[in-house]
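In what follows, a single structure is set out as structure tokens and then discussed.
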Amino acid sequence: MAEARPARPGHRRVTGHATRAWEVVRFVYIGGFLLFLLVPLYWMVITSIKPVSDYLAVPPVVFPSEPTIVHYTAALYSYRGMQGLINSLIIASATTVVSVAVGTLMAYSLARFNTGGQHLAFWVLSQRFLPGIAVVLPVFLLYRNYGLNDTHIGMILIYTVFSLPFSVWTMYAYFRQMPVELENAARVDGCSRWQALKMVALPLAAPGIVTAAVFAFIYAWTEFFFALILTSRTAFTLPSIFRSFLGFQGAQYGESSALTVISLVPSIALGLLVQRHLVRGLTLGALHE
Amino acid sequence: MNQQRAAEAPAGAGVSGRSRGKSGRRGVVSAWVDQHFGVLLVLPAVILIVLLSAYPLVYSLWVDFVNYDFQIPGHAFVGLQNFKDAILDPVAGTALVNTVVLSSAMVALELVLGLLLAVAMVRPFRGRGIVMPIFIMPLFMSPAIVGQFWGLLLQRPFGPTDYVLSQVLGHPVTISWLTEAPWNYLAVVLADAWQWTPFMFVILLAGLTSISHELYEAGQLDGASPWHTFFKITLPLVAPILLLAVAFRLLDAVKLFDIIYIMTGGGPGTDTYTAAFYLYERGFQEFHLSQATAGSWIFLILTIPVITVLVRRLLRPEAA
Chain A
1 MAEARPARPG
11 HRRVTGHATR
21 AWEVVRFVYI
31 GGFLLFLLVP
41 LYWMVITSIK
51 PVSDYLAVPP
61 VVFPSEPTIV
71 HYTAALYSYR
81 GMQGLINSLI
91 IASATTVVSV
101 AVGTLMAYSL
111 ARFNTGGQHL
121 AFWVLSQRFL
131 PGIAVVLPVF
141 LLYRNYGLND
151 THIGMILIYT
161 VFSLPFSVWT
171 MYAYFRQMPV
181 ELENAARVDG
191 CSRWQALKMV
201 ALPLAAPGIV
211 TAAVFAFIYA
221 WTEFFFALIL
231 TSRTAFTLPS
241 IFRSFLGFQG
251 AQYGESSALT
261 VISLVPSIAL
271 GLLVQRHLVR
281 GLTLGALHE
Chain B
1 MNQQRAAEAP
11 AGAGVSGRSR
21 GKSGRRGVVS
31 AWVDQHFGVL
41 LVLPAVILIV
51 LLSAYPLVYS
61 LWVDFVNYDF
71 QIPGHAFVGL
81 QNFKDAILDP
91 VAGTALVNTV
101 VLSSAMVALE
111 LVLGLLLAVA
121 MVRPFRGRGI
131 VMPIFIMPLF
141 MSPAIVGQFW
151 GLLLQRPFGP
161 TDYVLSQVLG
171 HPVTISWLTE
181 APWNYLAVVL
191 ADAWQWTPFM
201 FVILLAGLTS
211 ISHELYEAGQ
221 LDGASPWHTF
231 FKITLPLVAP
241 ILLLAVAFRL
251 LDAVKLFDII
261 YIMTGGGPGT
271 DTYTAAFYLY
281 ERGFQEFHLS
291 QATAGSWIFL
301 ILTIPVITVL
311 VRRLLRPEAA
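Residue numbers (our numbering), protein chains in the order written: chain A, 1 to 289; chain B, 1 to 320.
Put into structure tokens, the structure is as follows:
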């Protein structure tokens, strides 16, 4: 795509002004969109380091003269951000491990043996689109009966199930493009199917596993709805803390912004790592670049 | 079908037969495992989905027809009363209309902005590698957090939006973006478009990239205007991918909850209730669990046709 195209300059000369005008429009639009994306982020980051007097000032302060980190310590310790951070880490990591392990096995089975035909595939895939509210009402009642509300296990279970479509389909696409001959060769050498999977297919699928893991982690890290309903004082995750900042009445802009920054950094960093596989992840393998 | 390529390898014959001979009971077990390998591998996932998704849904069917209300003791059979309550509730109507209007507005806006951005970004330029990561960042954020900082930007009196608008327009602007119609709808749509336009963009960019350059060059040689090229060549070619992206977004947009909860709280009154927010309020704030469950089944049934079409499309082997 990026290779030199010697034909281009010639064309450009022919169409001259019109092309240049389109180029201007193009970069104005890109710049405008960049601004639209960055301004809210800038405002949030800057609010998180403003002293209280600055964020209540009436021409708004664009850059604080005396930046402070008090909001970060307050968010972590007075608003239980630290506990939320730890909960989020535990829940998202465990979800990632379980979802990817279980999802990889299923994906392998679907890709190599076509287990359950289209029906099983359809069923798993449609989980992705199930309205959360339809599931969470009965899950809440069932969790109540089994003492799973507001527990780490409860959150890990529900997140695993709802990240499974991603894990399964990322891995499915990966296994499908891997030649089956290597596994067959291992079988001929006397490996059982399990050994062929463990020693041949899995190592080859490692990049796919990393991608699936990142998507599962980001899902569990950013999910809000289930966390809001199924957690309260013990297993609350980072996003669900924002319920306590509601109303924008109290002057907690600094604390909430600090917490926002804290929770954004890991998921953005991870997301950018798998940038290349983003399209495949977003469309459950239907498209790839 | 090449899906079954692996199955052609002899299952019980030659290979596992040899290992069975070698090591007695272990061999029998491993031969059994080999024979049922496909099923064994899907078992953990299937069990999890059954326990946490299929079983709860079936259980909720029972909840639909009984009294399950934390304010009224007992689980007496009430027939269709819960459905009647849900359908006749005027707030449910408001919520449904809001859901349809807001999700259409969001997806339409995201589609237009995202398509334009994809067209603008498809040809390489210096700095594209720096701009790309910024454009996709919102996809890795919690919608609750996006709602949070849009609220920060728009709230009155300390948010900068009204101040900046006053300066630009030259007269004082005092819009309560989060509590005043129609601005609160606009605020919610803007926040959603901020987060999900990148989704449209990324998918459409992949679609545009896959269109061969020869087509464009043929068009250019014929002296076609960019306008003409866009509508006659580009758009028809990306149409299938565009529909896929729209279906994905639409199915997520109708579940709109997080930014409503954070930015407007459904208010003022019940003005910005969406379907998901309404069901949440009925179920988890007022604890009319049966009525909410009945409502959620109605909602589910309304979305199932779209889900079915999209998933079937995703399962087609040569997608896109």
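Beta carbons are placed, not taken as given, at the ideal position from N, Cα and C, and that holds for glycine.
Asked                                                                                                                                                                                   : Found
Compare the beta carbon distance of Phe-236 of chain A and Gly-84 of chain A with 7 Å and say whether it is the shorter of the two.                                                     : yes
I want to see whether chain A comes within less than 7 Å of Asp-34 of chain B, judged by CB atoms only; does it?                                                                        : yes
Three-state secondary structure (DSSP) at Ile-156 of chain A?                                                                                                                           : helix
What separation, rounded to the nearest whole angstrom, lies between the Cα atoms of Leu-270 of chain A and Asp-89 of chain B?                                                          : 44 Å
What are the boundary residues of the alpha helix (DSSP H) that includes Pro-207 of chain A?                                                                                            : 206-222
Based on the DSSP output, what are the partners of Val-66 of chain B in its beta bridges?                                                                                               : B:Phe-77
In chain order, what residues of the segment 146-166 of chain B put their CB closer than 7 Å to some CB of chain A?                                                                     : Gln-148, Phe-149, Trp-150, Gly-151, Leu-152, Leu-153, Gln-155, Phe-158, Pro-160 and Tyr-163
Sort out for me which residues DSSP pairs Ile-72 of chain B with in a bridge.                                                                                                           : B:Asp-69
Any Cβ of chain B within less than 7 Å of the Cβ of Arg-80 of chain A?                                                                                                                  : no
Over what stretch of residues does the alpha helix (DSSP H) that includes Ser-263 of chain A continue unbroken?                                                                         : 253-273
Which residues in the same chain have their Cβ closer than 8 Å to the Cβ of Leu-251 of chain B, if we skip the five residues on either side of it in sequence?                          : Thr-303, Val-306, Ile-307 and Leu-310
Interface residues of chain A around Phe-77 of chain B at Cβ under 9 Å?                                                                                                                 : In chain order: nothing, as chain A lies at least about 17 Å away.
Tyr-280 of chain B: which of A:Leu-125, A:Val-58, A:Phe-33 and A:Pro-131 sits nearest, CA to CA?                                                                                        : A:Pro-131
Can you pull the chain A neighbours of Gly-38 of chain B, defined as C-beta to C-beta under 7 Å?                                                                                        : Ser-109, Phe-113 and Thr-115
Drop a sphere of 10 angstroms on the beta-carbon of Ser-256 of chain A, count the other beta-carbons inside from all chains shown, and report buried for 16 or more, exposed for fewer. : buried
With distances taken from CA atoms, which of A:Gly-190, A:Leu-37 and A:Gln-252 is nearest Thr-73 of chain A?                                                                            : A:Gln-252
Can you check whether the CB of Leu-238 of chain A is closer than 7 Å to the CB of Ser-88 of chain A?                                                                                   : yes
Measure the beta-carbon distance from Val-198 of chain B to Pro-138 of chain B and round it to whole angstroms, keeping in mind my assumption that it falls under 8 Å.                  : Reading the sequence as shown, one finds Pro at residue 198 of chain B and not Val. Indeed they touch by this definition, with Cβ atoms about 5 Å apart.
When the distance is taken between beta carbons, is Ala-258 of chain A closer than 7 Å to Thr-96 of chain A?                                                                            : no
According to the Cβ coordinates, are Ala-206 of chain A and Glu-183 of chain A closer than 7 Å?                                                                                         : no
Between the segment 33-44 of chain A and chain B, which residues of the former have CB atoms less than 9 Å from a CB of the latter, in chain order?                                     : Phe-33, Leu-34, Phe-36, Leu-37, Leu-38, Val-39, Pro-40, Leu-41, Trp-43 and Met-44
So is Met-199 of chain A buried or exposed if we call it buried at 16+ other beta carbons inside 10 Å?                                                                                  : exposed
Judging by CA-CA distance, which residue of B:Gly-38, B:Trp-227 and B:Asp-192 is the nearest neighbour of Ser-104 of chain B?                                                           : B:Asp-192
Spatial neighbours of Arg-233 of chain A within its chain, please: CB distance less than 7 Å, with the 5 preceding and 5 following residues excluded, ordered by chain position.        : Asp-150
So which residues on chain B does Ile-46 of chain A lean against when the C-beta distance must stay under 8 Å?                                                                          : What Ile-46 of chain A touches in chain B: nothing, since even the nearest Cβ is about 10 Å away.
Does Val-70 of chain A come within less than 7 Å of chain B when only Cβ atoms are used?                                                                                                : no
Helix, strand or coil for Glu-180 of chain B? Go by DSSP, reduced to three states.                                                                                                      : coil
Counting only the same chain and skipping the five closest in sequence on each side, list residues whose C-beta sits under 6 Å from that of Phe-158 of chain A.                         : A quick correction: the sequence has Ile, not Phe, at residue 158 of chain A. So the qualifying residues of the chain are Phe-226.
Would you kindly work out how many angstroms separate the C-alpha atoms of Val-254 of chain B and Leu-243 of chain B, rounded to a whole number?                                        : 16 Å
If we count the other Cβ atoms within 10 Å of its Cβ and call it buried at 16 or more, is Asn-145 of chain A buried or exposed?                                                         : exposed
Can you list the residues of chain A that Ala-181 of chain B reaches, using a CB-CB cut of under 9 Å?                                                                                   : What Ala-181 of chain B touches in chain A: nothing, since even the nearest Cβ is about 18 Å away.
What separation, rounded to the nearest whole angstrom, lies between the Cα atoms of Thr-68 of chain A and Pro-40 of chain A?                                                           : 20 Å
So Arg-193 of chain A is in the alpha helix (DSSP H); what residue range does that whole segment cover?                                                                                 : 193-196
Within its chain, find whatever has a CB closer than 7 Å to the CB of Leu-96 of chain B; leave out the 5 residues flanking it on each side and keep chain order.                        : Ala-275
Classify Tyr-273 of chain B: buried if its beta carbon has 16 or more other beta carbons within 10 angstroms, exposed otherwise.                                                        : buried
Could you check what DSSP says for Asn-184 of chain A in three-state terms: helix, strand or coil?                                                                                      : helix
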